[in-house]
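These notes concern the structure reproduced below.
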Amino acid sequence: MPLENAAFHPLRHIEATQASPLHRFVVDARSLELPRLPGSSPINHAINLPVGSTTRFLHSRISIEAIDLVVGSKRWESGRVLIMFHDKTDRLMSTIPLGSAEFDQRFDGLELVAEFPDHAAEAKLVFQNLGSSGLLRIDELIITPVIESRWWTIGRWVVAAGWFGWFFVLSGRETNSWLRRLLAAGVVLYLAASLAFPGPWKPHRAIGQGFQLAPTRGELAFEAGSASLESIPAPIDKIDRGDTLIVRLKHRLRSIRPVLHAGLFVVITLGLASLVGMPGGGRLAIALAIAIEGSQVAYGFKWELSDFWDLAFNLLGVAIGLAFFSRTLQPVMQKLLATDRIIPERRRG
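Okay, so the sequence shown: first residue is 1 according to the UniProt record's numbering, each after it adds one.
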């Protein structure tokens, strides 16, 4: 069992295990190539991860590349490496994609931390090339059991408080109501947490630099010799990522994706401007738009042309929302605020 500092090296394990069906795809101890010819069956193999009973979190690092890998008839039929969690009855509980690639994409050093679902009995590492043709290459794959440090447990709330404070400052002083400013900052923080941090990816991902891993305690080490040598058939269905309603609509209505982006930010901008005024609402909406589209770059994903257009339509939605608010809602709100001021003065008179 290739163990090193409590980490499991699947590619070394496969290279050292000639009985494994994956052994024929090994290039060397650090590379695995999964080719698929047109008309051939998809490649779909899995091994049991030798996880101890005390493990709650698994950290993974992977480098993955597609070479002329043509996507199949369904959008998710590409090359991918997954962790599947099962209960004691072998029922699939959740699936975590460690990395995927299509056409000529390459991703180096992708990291995430996956949490075991409650009552999960085992984890399976799955290698799939579901494309109609092409090659999937894995150059690096390391899986390590980890625990949350105190810094992480406390620090995430400190980070959230910092973001909340920054949003509060961006809300400006156009309104004298602290309650409105606090509410606006809270709304933006909630939307950022839902759409940008962590975005549609439910596992923990490092922002900017990689995770800082301290030495793991001995009881969290993998159990030597318990990795399965057999090929275990794994589901090849679409992964249920537990997306929010907005993200599901974005994928389902892909043909009108720009309209969805612009429309979403029209609504967001109108709501924020109603709370804190046009300048503060505009600043908050722009910050949210940049955070949503820019977060994937911080997570290690490439910036593509579609992301540029998403950001452009987000900002277009902000502009439309501010223009509509200025011409329609702002005069009405000013009249209401003026009425609120006149009534107490009449009572005093």
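Where is the CB? At the ideal position from N, CA and C, for every residue including glycine.
Each of D108, H119, S94 and L69 was checked against the Cα of K88, and the nearest Cα belongs to H119. Excluding its 5 nearest sequence neighbours in each direction, E115 has C-beta neighbours in its own chain below 6 Å: F57, listed in chain order. For E15, the secondary structure class from DSSP, reduced to helix, strand or coil, is helix.
Comparing alpha-carbon positions, the option among W309, F324, G263 and L191 lying closest to A287 turns out to be L191.
Each residue's CA atom was taken as its position, placing V318 and W157 some 29 Å apart. Counting of Cβ neighbours within 10 angstroms places L305 among the exposed residues, the total staying below 16.
As computed with DSSP, Q330 is found in no beta bridge at all. Note on R61: 16 or more other CB atoms within 10 angstroms of its CB, so buried under the neighbour-count rule. For secondary structure counted as the alpha helix (DSSP H) over 4 or more consecutive residues, the segment 2-89 holds these complete runs in sequence order: 10-16. Residues D104, G134, L135 and R137 of the same chain have their beta carbon placed closer than 7 Å to that of I67, with the five preceding and five following residues left out of the count. Residue burial annotation: E15 is buried, with at least 16 other C-beta atoms found within 10 angstroms of its C-beta.
With contacts defined by Cβ atoms closer than 8 Å, S78 and A101 form a contacting pair.
In the DSSP assignment, P145 falls within the unbroken beta strand (DSSP E) covering S133 to V146. Taking the Cβ atoms as the reference, L34 lies roughly 4 Å from N129, within the contact range of under 8 Å.
Residue pairing from DSSP leaves V187 without any beta-bridge partner. A direct Cα-Cα distance of roughly 46 Å separates G271 from E122.
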